[in-house]
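Chemist: Starting off with a structure, shown below.
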Amino acid sequence: LAKTTQPISMDSYEGQEVNITCSHNNIATNDYITWYQQFPSQGPRFIIQGYKTKVTNEVASLFIPADRKSSTLSLPRVSLSDTAVYYCLVGDAHTGRRALTFGSGTRLQVQP
Amino acid sequence: GAVVSQHPSRVICKSGTSVKIECRSLDFQATTMFWYRQFPKKSLMLMATSNEGSKATYEQGVEKDKFLINHASLTLSTLTVTSAHPEDSSFYICSAKLAESTDTQYFGPGTRLTVL
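So this is what it looks like as structure tokens:
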């Protein structure tokens, strides 16, 4: 399974755009990139998933360069409620029964 | 859609007792469910993969006789912590895959286990 590396923590202020980059140098051809958000004492919540280029949904954008060795989660205009841990995971969409492996995640602290 | 529930959300038990945690996929069928454990300020650690109708696959270092997993139906998996001890106190989270062809996992809200 491809290993991921993210910054341990990040600080931001309300209204700013936050970009969290994840490195996954040994990503495999079949691997997708998925980001989750976790609040204390809650299960992780799916944010976004992509394979290449750019994916956007109502809460975030995911940028993936052509070599796919990294990805960047972009959160537009964060608010205090975006304070959470964000996990980047890579996994093979076709293995069916294999679990995603969590790295250390990035602890985002949004200040007023 | 893709909602996963867990019950109970919080449990306190005495050392030596057994505790059962249920994980249900509410609006989809999941042939595969996963159980994770998370200690304070740490990341999620995969404990086992639960396959409907077959034995669970445990990660290295996880005692299968202590953490009994049963996946009796396509919407229910249970984790039983047998003879619980204080060091088993943790946050247990299950997840399920929406379909075999995707690795998007949907997670339950977690169960906080405290063993006195």
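Heads up: the protein sequence lines correspond to chains D and F, in order. Numbering follows the numbering used here, with no gaps: position 29 of the first sequence is 29. Numbering follows the numbering used here, with no gaps: position 90 of the second sequence is 1090. Think of the CB as a built atom: it goes at the ideal place given N, C-alpha and C, for glycine as much as any other residue.
Give the single residue among F:1072, F:1089, F:1044 whose Cα lies nearest to the Cα of residue 1029 of chain F.
Modeler: Out of F:1072, F:1089, F:1044, F:1072 has the C-alpha closest to the C-alpha of residue 1029 of chain F.
Chemist: Quick one: is residue 6 of chain D buried, meaning 16 or more other Cβ sit within 10 Å of its Cβ, or exposed?
Modeler: Result: buried.
Chemist: Taking the alpha carbon of residue 1076 of chain F as the reference point, which residue from F:1088, F:1108, F:1067 has its own alpha carbon closest?
Modeler: Measuring from the Cα of residue 1076 of chain F, the nearest candidate turns out to be F:1108.
Chemist: Could you give the distance in angstroms between the alpha-carbon of residue 1110 of chain F and the alpha-carbon of residue 37 of chain D?
Modeler: The alpha-carbon atoms of residue 1110 of chain F and residue 37 of chain D are separated by roughly 14 Å.
Chemist: Does DSSP put residue 1073 of chain F in a helix, in a strand, or in coil?
Modeler: In the structure shown, residue 1073 of chain F sits in a strand (DSSP, three-state: E or B).
Chemist: Which residues in the same chain as residue 100 of chain D place their Cβ atom closer than 6 Å to its Cβ, once the five residues preceding and following it in sequence are excluded?
Modeler: Result list for residue 100 of chain D: 89, 91, in chain order.
Chemist: Among D:58, D:81, D:87, D:75, whose alpha-carbon lies nearest the alpha-carbon of residue 22 of chain D?
Modeler: Nearest of D:58, D:81, D:87, D:75 to residue 22 of chain D, Cα basis: D:87.
Chemist: Comparing C-alpha positions only, which one of F:1091, F:1104, F:1106 sits nearest to residue 1041 of chain F?
Modeler: Out of F:1091, F:1104, F:1106, F:1091 has the C-alpha closest to the C-alpha of residue 1041 of chain F.
Chemist: Excluding five sequence neighbours on each side, which residues of the same chain lie with their C-beta closer than 6 Å to the C-beta of residue 116 of chain D?
Modeler: What is shown of chain D runs 1 to 112, which leaves residue 116 of chain D out entirely.
Chemist: If you drop the 5 nearest sequence neighbours on each side, which residues of the same chain put their C-beta closer than 6 Å to that of residue 1078 of chain F?
Modeler: Here the set comprises 1020, 1022, 1070.
Chemist: Mind checking the segment 1044-1073 of chain F against chain D and listing, in chain order, the residues whose C-beta falls within less than 8 Å of any C-beta there?
Modeler: Taking 8 Å as the Cβ-Cβ cut-off against chain D, the residues of the segment 1044-1073 of chain F that qualify are 1044, 1045, 1046, 1049, 1051.
Chemist: Can you confirm whether residue 1105 of chain F, when its beta carbon is compared against all beta carbons of chain D, has any partner nearer than 8 Å?
Modeler: True, the Cβ-Cβ gap to chain D drops below 8 Å.
Chemist: Ordered along the chain, which non-local residues of its own chain (more than five positions away) have a Cβ less than 8 Å from that of residue 49 of chain D?
Modeler: So the qualifying residues of the chain are 32, 33, 34, 35, 55, 62.
Chemist: Go through its chain and collect everything with a Cβ distance to residue 1035 of chain F's Cβ below 6 Å, but skip five positions before and after it.
Modeler: Excluding sequence neighbours, residue 1035 of chain F sits near 1047, 1048, 1079, 1094.
Chemist: Would a C-beta distance cut-off of 8 Å place residue 46 of chain D and residue 1104 of chain F closer than the cut-off?
Modeler: A contact, by the Cβ cut-off of 8 Å.
Chemist: Which residues, taken in chain order from the segment 2-13 of chain D, show a beta carbon closer than 9 Å to some beta carbon of chain F?
Modeler: Residues: none.
Chemist: Spatial neighbours of residue 19 of chain D within its chain, please: C-beta separation below 6 Å, excluding the five flanking residues on both sides.
Modeler: Answer for residue 19 of chain D: 72, 74, listed in chain order.
Chemist: Can you list, in chain order, the residues of its chain with a C-beta nearer than 6 Å to that of residue 1088 of chain F? Leave out the 5 residues immediately preceding and following it.
Modeler: Cβ within range, chain order: 1081, 1115.
Chemist: Is residue 81 of chain D helix, strand or coil when you go by DSSP?
Modeler: Residue 81 of chain D falls in the helix class under three-state DSSP.
Chemist: Quick check on the DSSP output: the beta strand (DSSP E) that includes residue 1048 of chain F runs from which residue to which?
Modeler: From DSSP, the beta strand (DSSP E) with residue 1048 of chain F extends over 1044-1051.
Chemist: What is the DSSP secondary structure of residue 1065 of chain F, reduced to helix, strand or coil?
Modeler: Reduced to three states, the DSSP call for residue 1065 of chain F is coil.
Chemist: Have a look at D:24, D:42, D:3, D:30 and flag the residue whose alpha-carbon is nearest the alpha-carbon of residue 1004 of chain F.
Modeler: Here the closest residue by C-alpha is D:42.
Chemist: Going along chain D, which residues have a C-beta under 8 Å from residue 1091 of chain F?
Modeler: Here the neighbours are 41.
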